[in-house]
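Trainee: Residue numbers (our numbering): 2 to 124.
Here a beta-carbon is modelled for each residue, glycine too, at the ideal position from N, C-alpha and C.
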Amino acid sequence: MRRLWIVVALLAFGYTLLPTISASAGYGAIAWDKGTGKYGVSWNQPTGKRAEEVALGECGASGCEVVQRIVPRMCGALATTADGKHAGAARRKDREAARVAALQNCDKDQAGECTVRAADCNK
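Shown next, in the form of structure tokens:
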């Protein structure tokens, strides 16, 4: 009988941790439309799917596509040319590294004409 109570207590403790773990997770996404140059970003969403929905909604153009998914405790960035027709996105462990990588990804074909448009980190 004592073992049963121990098991019940451990299960109850485990269930109390589940909401804490999921509530602290933050997903993000970056969406971009090559045709219009529009973009949308989302951070700290409860699920990856929700992060994509928010980013696509913020982007708002019919050609928007998710170009980067950002998992919990990671940072993401988007860099584009002035007209928005060329872009680079990246995901790294810190914001500055994500910014640098996004610029490098954008600059590959643009010879340094890119600017970071968005950068942030998830919980």
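1) Does DSSP put Cys115 in a helix, a strand or coil?
2) Contact between the region 92-111 and the region 61-81: three or more CB pairs below 8 Å?
3) Can you tell me which of the three DSSP states Val101 falls into?
4) Can you look up Asp34 in the DSSP assignment and give me helix, strand or coil?
5) Give the range of the beta strand (DSSP E) segment to which Ile67 is assigned.
6) To the nearest angstrom, report how far apart Ile22 and Ala90 are at their CA atoms.
7) If you reduce the DSSP assignment to three classes, tell me which class Ala62 lands in.
8) Tell me whether Gly36 is buried or exposed, calling it buried when 16 or more other Cβ atoms sit within 10 Å of its Cβ.
Mentor: So, to answer that:
1) coil
2) yes
3) helix
4) coil
5) For the sequence presented, residue 67 should be read as Val rather than Ile. Element bounds for Val67: Glu66 to Ile71.
6) Note that Ile22 scores a pLDDT of 47, beneath 50, so its modelled location is shaky; the value from the coordinates is reported in the next line. For Ile22 and Ala90, the distance between alpha carbons rounds to 28 Å.
7) coil
8) Gly36 should be labelled exposed.
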